[in-house]
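Comments concern the structure below.
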Amino acid sequence: MQISKSIKRVIYWELGIPLALLSIGIYHGLMQVIYRAGVLREAAFAKLDYYQGLTLHGVINAVVLTTFFSVAFGHAVVAFHLKKEPNKKLAWISFWLMTIGTVMAAWAMLAGKASVLYTFYPPLKGHPLFYLGTALLIVGSWIPLFDWARLYREWKRENRDQKVPLAVLGTLVNHIIWFVCTLAVAYEVLVLLLPWAMGYKPTVNVTLARTLFWFFGHALVYFWLLPAYVMFYNFLPKLAGGKLFSDTAGRIAAFGFLLFSIPIGVHHQFADPSITKGVKMFQSILTSAVAIPSFITAFTIAASLEYAGRRRGSKGLLGYFGKLPYLDTSKFLFAYLICGLFLFIFGGLTGLVNASSVLNNTIHNTAWVPGHFHMTVAGPVFLGIIGMSLYLYSKTAGKRIFMPKVAVIIPYLWTIGILIFSTGLSWGGLIGEPRRTNLGMTYLNPKHELFTPEWVPTTMLGLLGGIIMFIAGMLFLVVFFGTMMRKSKEEGVLEFPVSETVHNEKLVPLFNTFKPWLVTMAVVLAIAYVPAFMDATKNPGPGAGAPRFSPDNPMPIENKSSAAPAVKGVNESKTVTVAKQ
Ligand code: HEM
Ligand SMILES: [Cu+2]
């Protein structure tokens, strides 16, 4: 279909800005593996410090890129499936709020005033503009949901007995999750952190801030993932040359995420002392419930791929894997999605270890954790985002892909990189290698008394995998911006490879409406989170909470004068790796 120039332009900017920033994000990924392997034994390189780089890496890759993309993709999905255009003015207001917020946060990070990592746990204090910028980015990303909901209601009125298109359902579910979970982080930022960072309040309740953060933070991972799920259900079967096995399964999975993706955030706080065992136990069990929509998806997509393979003449139990269009440049998006799906198997399995409160003790804050989540957020999420960005841009702009053969190889190269990288980090984690630590300063420096030779092979694997990922990432940027620089060859249209379904399943009213699900969502949330917030409020820590700390100093900011000797000691011995977890 055709959409207006104005909406096209919003989409292009929302794809292009975060991808341009990705060059900084990926550069710091490479730097981290270099420091960690002990190749660099400095606190900083090119005037950018390890933690400053790690903050830029986490914020750009995992927050800015994912949020901009989800909004752009949502505009396209809603417009395409409902045949209704989003409101131009609102789309631009949302874009500008997100962009101004990003610029503010980027300035604070690049100026070295907010090296607090993307989790910005207090008592580490960042510059107020960092918090304000993040809040603006979030508020900007709320706006489209209300506009899409209006289009959805209009469409419903005109199409009473029809199923809501699955892609639209997934997009709305995703942004409802996002709206609800970001309310908590907005409260954390605006009510707890900003007044404290600006000096109006002397202390902050660290546990409460962390609990609010993870109310948001776990749901955030589903916000990352759901656009990829929309692609797996709606586009992957068609790209593979088949049909979607069950569309009802997709609806059940989407509503399952609505219920279970928020009330499980405490599984990131198994080691927080102020939260009682019962709350941890309950949320640990609910975490297992989230495996249900994931398994539904895994089986449905596998069945759809099998259907595609058999249509192409495959034989035997698993023969269909041999018949898929892995290197077909005209279907390059298939390669991105199938690689993402493959990585997700390992991401899911390692995630089960994290989710078990007992096993979690073994891997908590070790390199295992980034080993795990690069197979999710840098797996299906990232590959879905970059593959779809290229697809969406080239279709709507009517441009041919720059270097199509390279475009189709990139996801395989990335996958090989991640498999090596994550093997190194996971193995390292199991033998105690810490995450969020500039290992080159101490543990991976042979001249240092803390040198730990067991971590040489693990960090070397991390380095090798990281270099391959870096090359693949840079090649993608060349392909994407190379495509942008080309002249349009044909008229651009908004088009998606939409899959038909194998069976024409009956419309089940329960899976065609939001109301009962939203009510149940509120009930489950209250049961899971009221006790958690009560625990956190009851235990603010000694005094009324913690004072402000800067990332490079173990003494509170207010006590600078008395801290001077201690800091000197730390710098001299270089034995302390700043603990930020
Ligand atoms: C060239 C590619 C990449 C490399 C080499 C790389 C490497 C790393 C390493 C070594 C860490 C752990 C550092 C530490 O804990 O000390 C890390 C953390 C992280 N990475 Fe990546 N990464 C890459 C791409 C990505 C992508 C594409 C995403 C997301 C879309 C991502 C998201 C994250 C996040 C969220 C963290 C956690 C930051 C924190 O602990 O605060 N990375 N990365
Ligand atoms: Cu989680």
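Residues in the sequence shown are numbered consecutively from 68, following this note's numbering. Don't be surprised by glycine CBs; every beta carbon is placed ideally from N, CA and C. None of these values were measured; they are calculated from a predicted model.
In this structure, does DSSP put Leu384 in helix, strand or coil?
In this structure, Leu384 counts as coil in the three-state DSSP scheme.
* Just to confirm, are Gly608 and Val273 a CB contact at a threshold of 9 Å? -> Yes, these two residues count as a Cβ contact at 9 Å.
Note to self: Shorter than 8 Å, the distance from the beta carbon of Gly380 to the closest heavy atom of ligand 2, or not?
What the structure shows: No, the beta carbon of Gly380 sits no closer than 8 Å to any heavy atom of ligand 2.
Discussion item. Nearer than 8 Å: is that true of the beta carbon of Met536 relative to any heavy atom of ligand 1?
Written reply: Yes - ligand 1 has a heavy atom lying nearer than 8 Å to the Cβ of Met536.
Opening and closing residue of the alpha helix (DSSP H) in which Pro437 lies
For Pro437, the uninterrupted alpha helix (DSSP H) run begins and ends at 435 to 440, by DSSP.
Relative to the C-alpha of Thr525, which residue among Asn505, Ile498, Trp291 is closest?
The residue with the shortest Cα to Cα distance from Thr525 is Ile498.
| Would Tyr460 pass as a contact of Leu400 if the rule is Cβ separation under 9 Å? | The Cβ atoms of Tyr460 and Leu400 do not sit closer than 9 Å to each other.
> Which runs of the alpha helix (DSSP H) fall wholly inside the region 210 to 266 and span at least 4 residues, in chain order?
Replying inline: Runs of the alpha helix (DSSP H) inside the region 210 to 266: 233 to 254, 261 to 264.
| message | On the criterion of 16 or more Cβ atoms from any shown chain inside 10 Å, does Lys347 qualify as buried, or is it exposed? | response | Result: buried.
| query | Relative to the C-alpha of Thr504, which residue among Val523, Leu89, Tyr102 is closest? | reply | Nearest neighbour of Thr504 by Cα position, chosen from Val523, Leu89, Tyr102, turns out to be Tyr102.
_Beta-carbon within less than 6 Å of Pro262's beta-carbon, same chain only, minus the 5 sequence neighbours each way: which residues are those?_
Contacts found: Lys268.
Thinking just about the alpha-carbon of each residue, which of Glu558, Leu325, Asp314, Ile84 is nearest to the one in Thr367? Residue Asp314 is the option with its Cα nearest to Thr367.
Quick check on DSSP: helix, strand or coil for Val645? Confidence is the limiting factor: at Val645 the pLDDT is only 44, short of 50, which leaves the residue's position unreliable and the question unanswerable from this model.
Kindly indicate which three-state DSSP category Pro623 falls into: helix, strand or coil? Three-state DSSP puts Pro623 in a strand.
request  = Assign Ala539 to one of three DSSP states: helix, strand, or coil.
outcome  = Note: Ala539 maps to helix in three-state DSSP.
- Three-way DSSP call (helix, strand, coil) for Leu311 in this model: Secondary structure of Leu311 (DSSP, three-state): strand.
- request: Return yes when the C-beta of Val100 is under 8 Å from any heavy atom of ligand 1, and no when it is not.
  value: Yes, Cβ of Val100 sits closer than 8 Å to a heavy atom of ligand 1.
With the cut-off set at 9 Å, would you say Val77 and Trp159 are in Cβ contact?
Yes.
- Candidates Phe616, Phe600, Thr580, Leu408, of which the one nearest Asp228 by Cα: Looking at the Cα atoms, Thr580 is the closest of the given residues.
Note to self: In chain order, what are the residue ranges of uninterrupted beta strand (DSSP E) at least 3 long that sit wholly in the region 285 to 373?
What the structure shows: Runs of the beta strand (DSSP E) spanning 3 or more residues and lying entirely within the region 285 to 373 do not occur at all.
Spatial distance of Ser116 from Pro153 (CA atoms): In the sequence as presented, Ser is not what sits at residue 116; that position holds Asp. Pairing Asp116 with Pro153, the inter-Cα distance amounts to about 42 Å.
When Glu225, Pro598, Ala276 are compared against Thr186, the one with the closest alpha-carbon: Ranked by how close their Cα comes to the Cα of Thr186, the residues Glu225, Pro598, Ala276 have Ala276 in first place.
Under DSSP, the alpha helix (DSSP H) around Val473 begins and ends at which residues?
Here the alpha helix (DSSP H) through Val473 covers 471 to 497.
Note to self: Starting from Gly83, trace the alpha helix (DSSP H) in both directions and tell me its first and last residue.
What the structure shows: Run containing Gly83: 72 to 103, per the alpha helix (DSSP H) assignment.
Pro74 and Lys155 look like a contact to me (Cβ under 8 Å); what is the Cβ gap, rounded to whole Å? For the sequence presented, residue 74 should be read as Ile rather than Pro. Indeed, because the Cβ distance is near 6 Å, the residues count as touching under 8 Å.
### Query
Is the beta carbon of Gly200 less than 9 Å from the beta carbon of Trp222?
In this structure, Gly200 keeps its C-beta atom at 9 Å or more from the C-beta atom of Trp222.
- [ ] May I ask whether a heavy atom of ligand 1 can be found less than 8 Å away from the beta carbon of Val444?
- [x] Distances taken from the Cβ of Val444 to the heavy atoms of ligand 1 include one shorter than 8 Å.
_Expected contact under 8 Å - CB spacing of Gly549 and Pro294 to nearest Å_ = With 8 Å as the limit, Gly549 and Pro294 do not qualify as a contact, their Cβ atoms being about 24 Å apart.
| request: Have a look at Asn606, Phe337, Leu391, Val333 and flag the residue whose alpha-carbon is nearest the alpha-carbon of Phe282. | output: Out of Asn606, Phe337, Leu391, Val333, Val333 has the C-alpha closest to the C-alpha of Phe282.
Would you mind sorting Gly380 into buried or exposed? The rule is 16 or more other CB atoms within 10 Å of its CB. Gly380 should be labelled exposed.
**Prompt:** How should Phe213 be labelled, buried or exposed, when 16 other C-beta atoms within 10 angstroms of its C-beta is the threshold for buried?
**Reply:** Phe213 comes out exposed.
| message | I'd like to check one pair, Thr463 with Ile70: are the Cβ atoms closer than 9 Å? | response | By the CB criterion at 9 Å, Ile70 and Thr463 fall inside the cutoff.
Per-residue burial, Arg615 [other beta carbons within 10 Å of its own, 16 or more giving buried]: Label assigned to Arg615: buried.
*Would you give the residue range spanned by the alpha helix (DSSP H) that Gly451 belongs to?*
Counting along the chain, the alpha helix (DSSP H) containing Gly451 begins and ends at 449 to 464.
Local conformation of Pro153 per DSSP, three classes: Taken through DSSP and simplified to helix, strand or coil, Pro153 comes out as coil.
_Gly414 to Gly446 span [Cα, whole Å]_ = Roughly 8 Å between the two C-alpha positions.
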